[in-house]
Amino acid sequence: MSSGGGLETFSRPPRSATPDRSATLADVNPAALVSSRRDRVARAWALDHGAVLVASGLPVPIAGTDQFHDFHAHPEFRYLAGVGEPASVLAFDPATGWELFVTLPTPDDRIWTGDGPNPDALRARSGLEIRPIESLAGWLEARRAAPLAVIGNDDLLHRPEGYRLPPLERFQTAHDAALAGRLSWDVAEARRAKDPDELEAMRRAAAASRAGHLLALRTARPGMTERDLQVELEAEFFRSGGDRRAYGSIVGSGPNAAVLHFAPTRRPLNDGELVLIDAGAEVDGYASDVTRTFPAGRRFEGIQRDLYRLVYEVQRAAIAEARPGVEYRDLHLRACERIAAGLADLDILRGNPADLVEMDAHALFFPHGLGHLLGLATHDAGGCLRGRTPSDRFGLKWLRADLPLQPGYVVTIEPGIY
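Residue 150 in the working numbering sits at position 150 of the sequence shown, and the numbers go up by one each step.
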């Protein structure tokens, strides 16, 4: 059971204040914001020479067919380029700056899939001149002696032909994997705090998710299947402005609701049993993530009500404590103690809450982390602070954020009891 998910950002006004919602996506200059991201990352990189390629990625084929999965640009590329075109590369040379190379449609592409990206729209969004991907070879040729780091999608290293490039060895420039790892860390750290453009996209994604979850709550009834509910939920995401699902929707009923990432089936909802939905819409590449649990066809009763109230209170307490400077790991551990205390009050666990958490007994019911950062990925640029090592402890190994919260971070707060 979970009442978690949602959107918490640490650039919000005090609760008593009224947020100024007059500044929308249309009021900001996306190209200027994206350019400021590139400037910030270039300063963090502090390179005096070299060449960096940030690859968007290639479409992924569905095995054994001539079809492709929906394309999703690598977050590092989308963050720095402001666009999400496939088989495209953002190139950086500290001496000459940034250049954007895009795969433009061929005549055959136009027949089958349409005109593709509009260069003027890409220029307006990215703030960069749009160069055809074929000219990237010349850019690399001019930098033969420079150390090369490829970040974003590493398929550029293994399948350069997808980017209309010969093997990179032709340019006598060795890929520096250690440098690439350091540069990716720098991008991840820059991505954590969201700018106004990003926050507006995430508000729209959250609004579409809210609409879908509310419709699912009103629609769910005994006899419907999990798949029926998924269809209603996702259709409302799209009707409410979502571009796509942020991730595969989780819809589980009865025993299926206890499986953390359960894919919906044709199992019918039974009267009074719990239904868990973990799903979100995506807008302009930015994800939302909402989890809700409710009984099919009736109100919470008995132990359902007690457990739901416990999870809800743990969530609200964690949200109240989430502030800049607070360690997310500490938020998680305090939530674990509250869950352990509540389960002890219900005679489900026995013992001192702190001792129960130390023994990881709570993780039998709360096996995942409190939440994660949210943005261009559902599990966004979080993880451990640079230099920290992930825990292998049963009650901590699925904690997806181990770092101090900072202004502008967007995180989920999603405790649960399963």
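Backbone N, C-alpha and C fix where the C-beta goes; we use that ideal spot for every residue, glycine too.
DSSP state of residue i mapped onto helix, strand, coil
i, result
"His261", "coil"
"Asp109", "helix"
"Val219", "For clarity, residue 219 is Thr in the given sequence; the question names Val instead. Helix."
"Val41", "helix"
"Ala341", "helix"
"Tyr409", "strand"
"Trp398", "coil"
"Arg21", "Because the pLDDT of Arg21 is 32, which lies under 50, any placement of that residue in the model is unreliable, and the question is left without a value."
"Arg350", "coil"
"Asp93", "strand"
"Val34", "helix"
"Ala463", "Missing from the structure shown is residue 463; the chain here goes from 1 to 418 and no further."
"Ala26", "Low confidence applies to Ala26: its pLDDT is 46, below 50, so where it sits in the model is not reliable enough to give any reading."
"Pro423", "Missing from the structure shown is residue 423; the chain here goes from 1 to 418 and no further."
"Glu273", "coil"
"Val60", "coil"
"Asp70", "coil"
"Ala363", "helix"
"Ala279", "strand"
"Arg245", "strand"
"Gly254", "helix"
"Pro119", "helix"
"Ala211", "helix"
"Pro14", "Because the pLDDT at Pro14 is just 31, under 50, the model does not fix this residue reliably, and the value given afterwards should be weighed accordingly. Pro14: coil per DSSP, three-state reduction."
"Leu403", "coil"
C-alpha gap between residue i and residue j, whole angstroms
i, j, result
"Ala145", "Val311", "58 Å"
"Ala73", "Leu157", "16 Å"
"Leu25", "Leu33", "Any reading at Leu25 must be qualified, since the residue scores a pLDDT of 45, below 50, and its modelled position is unreliable; the value itself is stated next. In a straight line, the C-alpha of Leu25 is about 11 Å away from that of Leu33."
"Arg199", "Asp380", "Just to set this straight, residue 199 is Leu in the shown sequence, not Arg. Cα to Cα, Leu199 sits roughly 14 Å from Asp380."
"Ser36", "Ala177", "26 Å"
"Tyr409", "Glu169", "40 Å"
"Arg210", "Leu217", "11 Å"
"Gly342", "Gly84", "45 Å"
"Asp20", "Arg323", "The predicted position of Asp20 is uncertain, since its pLDDT is 33 and thus under 50; a value taken from the coordinates is nonetheless stated next. The straight-line gap from Cα to Cα measures roughly 20 Å."
"Pro75", "Ala87", "14 Å"
"Gly416", "His372", "14 Å"
"Phe238", "Val231", "11 Å"
"Ser253", "Leu364", "20 Å"
"Ala23", "Glu358", "Its pLDDT being 36, under 50, Ala23 is placed unreliably in this model, and the value from its coordinates should be taken loosely. So the two alpha carbons sit approximately 46 Å from each other."
"Thr113", "Phe366", "46 Å"
"Thr18", "Ala180", "Unreliable positioning characterises Thr18 in this predicted model, as indicated by a pLDDT of 29, which lies under 50. A coordinate reading is not provided."
"Glu313", "Ala320", "11 Å"
"Leu148", "Leu260", "41 Å"
"Leu90", "His368", "36 Å"
"Thr412", "Asp155", "30 Å"
"Arg40", "Leu183", "12 Å"
"Ala42", "Gln406", "21 Å"
"Arg164", "Leu374", "33 Å"
"Gly116", "Arg203", "27 Å"
"Ala81", "Gly297", "47 Å"
"Ile477", "Pro105", "No information on residue 477 is available, as it lies outside the stretch 1 to 418 that the chain covers here."
"Gly241", "Pro167", "41 Å"
"Ala208", "Phe262", "22 Å"
"Leu274", "Leu214", "16 Å"
"Leu349", "Ile339", "10 Å"
Whole-angstrom C-beta distance between residue j and residue i, which should lie under 8 Å
i, j, result
"Glu282", "Arg245", "7 Å"
"Asp278", "Thr291", "4 Å"
"Arg267", "Glu226", "5 Å"
"Thr103", "Ile133", "5 Å"
"Gly138", "Ala55", "In fact, because the Cβ distance is near 17 Å, the residues do not count as touching under 8 Å."
"Leu136", "Phe101", "4 Å"
"Pro61", "Phe68", "5 Å"
"Thr293", "Ala257", "7 Å"
"Pro390", "Glu327", "About 15 Å; that fails the 8 Å criterion."
"Asp195", "Ala44", "About 15 Å separates the two Cβ atoms, so there is no contact after all."
"Gly272", "Glu236", "That pair is no contact at about 24 Å."
"Asp402", "Leu385", "6 Å"
"Ala205", "Ala287", "6 Å"
Test: residue i CB closer than 8 Å to a CB of chain C
i, result
"Thr389", "The chain labelled as chain C is not found in the depicted structure, where only one protein chain is given."
Residue i Cβ short of 7 Å to the ligand FMN heavy atom set
i, result
"Val89", "With respect to the ligand FMN, the structure offers nothing, as it holds no ligand at all."
- Task: Could I get the ranges of all uninterrupted alpha helix (DSSP H) runs contained in the region 121-208, with 4 residues as the minimum, in chain order?
- Result: The qualifying runs are 136-141, 155-158, 177-192.
- Task: Would you check if there are 3 or more beta carbon pairs closer than 8 Å linking the region 49-65 to the region 91-111?
- Result: Counting Cβ pairs under 8 Å, three or more are found: they touch.
- Query: Of all the beta strand (DSSP E) runs that stay within the bounds of the region 282-325, which reach a length of 3 or more residues?
  - Reply: The region 282-325 contains these whole beta strand (DSSP E) runs: 290-295.
- Message: Measuring CB atoms only, is the region 182-192 touching the region 376-395, in the sense that at least three cross pairs come out at less than 8 Å?
- Response: Verdict: yes, contact present.
- Message: Is it the case that the region 326-336 contacts the region 394-405, given that we only count it when at least three CB pairs across the two stretches are under 8 Å?
- Response: They touch, by the three-pair rule.
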